[in-house]
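This report refers to the structure that appears directly beneath it.
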Ligand code: SF4
Ligand code: SF4
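In my numbering, the protein residues as written are 198 to 494.
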C-alpha cells in the first residue's frame, strides 16, 4: 500500500487533490481510499487530506500518521505548529513541497523535491493557489504507477460535478499534463504492511464534557488566535496612491484593517488571513499582493 498525506489550506483544493489521486489510482487498477480532515475553520486554515492506494483490498482506516509520501501545497505550513506537515516523516518518506526554494535550503534532514506550482497554476488557471489538479499530478507522477490518461480522466470526473466551465477544465487538464511530464517517478520505500488485529483496534469512548469540550478561560480571547499565518498572499497598501477612502476598512470581513492616527488604513498582519477581498474592493487597485515567503526568508 502507498499512504499519501496532502497538506494545504482551506480553498486550495486539497480535498479535491486527494479525490483526483484516489480516482486516478482506481482507474489504473488499484484499490483506493481518500478523505479530508478539517475543522470548522475557514478559507486559509490548515487542511489535511489522505489517499491510500493499494494492490489489495484496503482494510486500514483513519488518518495516516506515518505516510510514504507527503505533498505540501504551501511552504508556509512548514512552520505552522497546528499543521505540522512533517509529523510522522522518516528519512525514507518522500516529501514534495510547492516552493520556489531549493530542497537543500528547506531541509537538511529530509529528502525533498520542490517545484514552484504557483506559476504554473497562474498560467493555466489564472489563479495561483488552486492546487487540486497540480498536487494530484505531482502525486500520480511520483508514485509512477498511475497512467497519464487515468489521471486526466480523474481530473475531469472530479471537477465536472463542481460545475467547472469547459475552458477551466481544459486549463486543469493542461496543467496536470505539464506537471506530469515535468517530473520523474521516484522509487518509494513502502512501509511494511501493518497487520490489524482485534487487539489493535481502538474503541471510541466519550469523555466527560469538562475534558472533551473546549474551555474558554478568558472573555474576548479571539484576538489570541493569530490567523496571520494562514496567509498565502499578503495585501500591501500603496500609500503613495491611497486616497484614504477607507473602503478597504469597511470591506475587510475580519475587521483587521484599522485607521492610523493620521487617517490612513493600516493592516494588522497578525490577524489578516489573506482573503484579499480588500485588494478586490479598493477602487483604484492600490492594494497589491505579494506571495508570503515568511517561513524561509
Ligand atoms: S486580505 Fe484584506 S480583507 Fe482579507 S483579512 Fe486581510 S486585510 Fe482583511
Ligand atoms: S480602498 Fe484603496 S484607496 Fe481606499 S483606503 Fe483602502 S487602499 Fe486606500
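Heads up, the beta-carbon is just placed ideally off N, CA and C, and yes, glycines get one too.
The beta carbon of residue 426 lies closer than 7 Å to those of 273 and 277 in the same chain, with the five residues before and after it left out.
Cβ contact annotation for residue 330 (same chain, cutoff 6 Å, sequence separation greater than five): 352, 369, 372 and 373, in chain order.
With contacts defined as CB atoms closer than 8 Å, residue 265 and residue 205 fail to qualify as a contacting pair. Assignment of residue 488 by DSSP, reduced to helix, strand and coil, places it in the strand class. A distance of 8 Å or more separates the beta carbons of residue 242 and residue 210. Excluding five sequence positions before and after residue 252, the CB atoms of its chain that fall closer than 7 Å to its own CB belong to 227, given in chain order. Residue 481 and residue 438 do touch by the CB rule: their CB atoms are close to 6 Å apart, below 8 Å.
Looking from the CA of residue 459, the closest CA among 443, 247 and 239 belongs to 443.
With contacts defined as CB atoms closer than 8 Å, residue 225 and residue 376 fail to qualify as a contacting pair. In the structure shown, the three-state DSSP call for residue 361 is coil. For the set 434, 474, 477 and 473, the Cα lying nearest the Cα of residue 456 is the one of 434.
For residue 462 and residue 446, the gap between their C-alpha atoms comes out near 7 Å.
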